[in-house]
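In this note's numbering, the protein residues as written are 785 to 1438.
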Ligand SMILES: Cc1cc2nc3c(=O)[nH]c(=O)nc-3n(C[C@H](O)[C@H](O)[C@H](O)COP(=O)(O)OP(=O)(O)OC[C@H]3O[C@@H](n4cnc5c(N)ncnc54)[C@H](O)[C@@H]3O)c2cc1C
């Protein structure tokens, strides 16, 4: 069952205590435009910013939203959005052949984001000056045809009273690729204009996905033996080596298979799926599975809303088997060198199967966004009489009933871990060093992934359509909308946040005031989507201390300011280093030194190296959530296939 709002699900006693806690909160409510009390009062006092606005986030083309006031006009009540969309496509089709005309279709702050259709790279062009330059360079070389309207049926969207646009989904072809586009158009005093345009590769016209195999068993060996032989790659070389067999590695392998690109996964764990099986036993995914389906093989009906980690581990294994992916488990890269022609020489220790040398053209790193577990050194830790461990090596609270536990760190893993102890009645405290972005699932889920939710009869919406929608907004406008969403969620979550603050837990509104919008791309941490632990803080089951551990002294844990405490177990839920550490450890210094920053947003609003050119030719960094994996594996595999077939266009670098 999905968690509900904190006040709806607390017991009578707990509600009393929340009322008491709320009473402690300063009066003087400001009012939100929609009439709700503005939750800025939650954090009366100096603003606390644990992450600088520009931390791993270099975007510099912020522009105000095209509000009705700025545009000076609005869509009429009886607007025929379908007619507008049809006319728009006719105009756009002609404009693709005329860079100046194309540019003039945008409002001045308009944004064009292209994924591998024209730029053969992920690129964002912010504002008409940049759009004009790119259009001049790119459109002349790329004939466009066959623009056709796609679902959903266009309508006037009014997410806020002061904002109105029509979203137009369409397909089109260039001379090489099948593509989709999403235009968000607004009404201006000069007519309909583009606010944002997103053009995305969907297929290669001359290299479509392979048809189904016949499957009749006419080979001299069984299916299982054949599969073993294929997996061995004896006497042949793969086009691509994928390091890491989590969902990102598997989804890439499945895409390659469908495109007829041979790929092998190198996975250090004994079994595919161990990456989830071996996480702490109380872990379920933090968001409903609606947006998490794997390519070609969606979850079966009646799948639990929040997927248990152990079940996801099994699913990865089933997926690898059902899709007949090739994976060498218990295997690791022992050396790696890039040849002068850009191909790779990868030596692999195949567990019990000896050493092998692979020479793929492309290498994909799918070893997770997290680098290696990060544990701060704490003076006196060698002589600490209790137990000290990183959250990655902690699996259950079962052994610790009757003991005292400190969880250091207040992001998702810290919360999950503390919640697990609290549910067993263990005396547990969370140590918080800097504020955490908190949101309830009740209010955020419908707003963030509501488009993916099945209807009341369990019928799922069209995933491609949802993905087009979910990815249609470039970073700039998305940041502006994210700020509004974060403010709205803060109002809706007011009671929850206020009660947490009253217990001494510090919250904030996220980097650039955008909740998870920006944090998700820069820090990939520093937030918690309330899966139940907040209530335990509010009712006192989980205690909160501010600060950090200064040192250990025998049995004692000394917090800053000389606060002496005693804990039997200290868990460092202090996160991970950057993926670059994993690249360095696996591929060596030469490759890691040439690699751009991993994750983080560049000036124009693209990720710095994920899913695109990472600075090292023929090396690809596949990271992100299940939804990211499904979406980007398609684009990256098509780009690699086009490169292998020699039809990829030049990457646009201006
Ligand atoms: C508490 C929590 C809740 C989450 N909730 C959600 C959610 O609701 N929805 C969502 O989409 N995501 C969620 N995530 C995030 C995300 O899906 C995971 O972090 C995910 O594991 C990332 O997948 P990946 O394939 O990139 O990496 P991983 O799953 O970490 O897989 C990487 C694989 O590579 C292997 N590997 C690493 N290095 C090497 C090497 N050098 N050689 C060989 N093999 C190697 C590892 O053994 C592992 O199997 C959650 C994460 C956590 C921790």
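From the three backbone atoms N, C-alpha and C, an ideal C-beta is built for every residue, glycine too. A quick note: this is a predicted structure, and the numbers were derived from the prediction, not measured.
Within the same chain, show all residues whose beta-carbon is closer than 7 Å to that of residue 837, passing over the 5 residues directly before and after it, in chain order.
-> 1295 and 1296
According to the neighbour-count rule (16 or more other Cβ atoms, all chains shown, within 10 Å of its Cβ), is residue 1308 buried or exposed?
-> buried
Return yes when the C-beta of residue 1116 is under 6 Å from any heavy atom of ligand 1, and no when it is not.
-> yes
Locate the beta strand (DSSP E) running through residue 1250, then write down its first and last residues.
-> Not the beta strand (DSSP E): residue 1250 falls in the alpha helix (DSSP H), residues 1247-1254.
Is the beta carbon of residue 1071 within less than 6 Å of some heavy atom of ligand 1?
-> yes
By Cβ distance below 8 Å, which residues in the same chain neighbour residue 901 in space, the five residues on each side in sequence not counted?
-> 926, 958, 961, 963, 983, 984 and 985
Mind reading off the beta-carbon distance from residue 1151 to residue 1370? Whole number of angstroms is fine, and I expect it under 8 Å.
-> 7 Å
Hey, would you say the C-beta of residue 1030 is under 6 Å away from at least one heavy atom of ligand 3?
-> Questions concerning ligand 3 fall outside what the structure shown contains, since the ligands it does hold are ligand 1.
Pick from 1321, 1322 and 1344 that is closest to residue 1330, judged by C-alpha positions | 1344
Which runs of the beta strand (DSSP E) fall wholly inside the segment 1096-1157 and span at least 3 residues, in chain order?
-> 1116-1122, 1128-1133, 1139-1142, 1146-1149 and 1154-1157
Identify the residues that DSSP records as bridge partners of residue 1092: which are they?
-> 1068
Closest by CA to residue 1183, which one among 1208, 1003 and 1196?
-> 1208
Is the segment 1211-1224 close to the segment 1320-1338, with three or more CB pairs under 8 Å?
-> yes
Report, in whole angstroms, the separation of the C-beta atoms of residue 988 and residue 1425, which I expect to be a contact under 8 Å.
-> 6 Å
As assigned by DSSP and simplified to three states, the class of residue 1162 | coil
Is any heavy atom of ligand 1 found at a distance shorter than 6 Å from the C-beta of residue 1196?
-> yes
Would you identify the three-state DSSP class for residue 955, choosing helix, strand or coil?
-> strand
Expressed to the nearest angstrom, what Euclidean distance is found between the alpha-carbon atoms of residue 860 and residue 968?
-> 17 Å
Give the range of the beta strand (DSSP E) segment to which residue 979 is assigned.
-> 975-988
Can you give the Cα-Cα distance for residue 1316 and residue 1159, rounded to whole angstroms?
-> 26 Å
Span of the alpha helix (DSSP H) around residue 1054 = No alpha helix (DSSP H) holds residue 1054; DSSP gives it neither H nor E.
Specify, as a first and last residue, the run of the alpha helix (DSSP H) that residue 1265 falls within.
-> 1259-1276
Quick one: is the Cβ of residue 1393 within less than 6 Å of any heavy atom of ligand 1?
-> no
Sequence ranges, beta strand (DSSP E) only - wholly within the segment 817-899, length at least 3 = 890-899
May I ask which residues mark the beginning and end of the beta strand (DSSP E) holding residue 1403?
-> 1403-1405
Under 7 Å between C-beta atoms of residue 1029 and residue 1363 = no
So what's residue 1017 in DSSP terms, helix, strand or just coil?
-> coil
Report whether the distance from the Cβ of residue 1409 to the nearest heavy atom of ligand 1 is below 6 Å.
-> yes
Might you give, ordered along the chain, the residues of its own chain that have their beta carbon closer than 7 Å to the beta carbon of residue 870, omitting 5 neighbours on each side?
-> 933
Can residue 1051 be considered in contact with ligand 1, in the sense that its beta carbon sits closer than 6 Å to one or more heavy atoms?
-> yes
Limits of the unbroken alpha helix (DSSP H) element including residue 1173 = Where residue 1173 is concerned, there is no enclosing alpha helix (DSSP H), although the beta strand (DSSP E) it sits in stretches over 1171-1174.
For residue 1151, verify whether its CB is less than 6 Å away from any heavy atom of ligand 1.
-> yes
What does a CB cutoff of less than 7 Å around residue 1427 pick up in its chain, not counting 5 residues either side in sequence?
-> none
For residue 1185, does the count of other Cβ atoms within 10 angstroms reach 16, so buried, or fall short, so exposed?
-> exposed
From residue 1014 to residue 1130, what does the alpha carbon distance come to, in whole angstroms?
-> 19 Å
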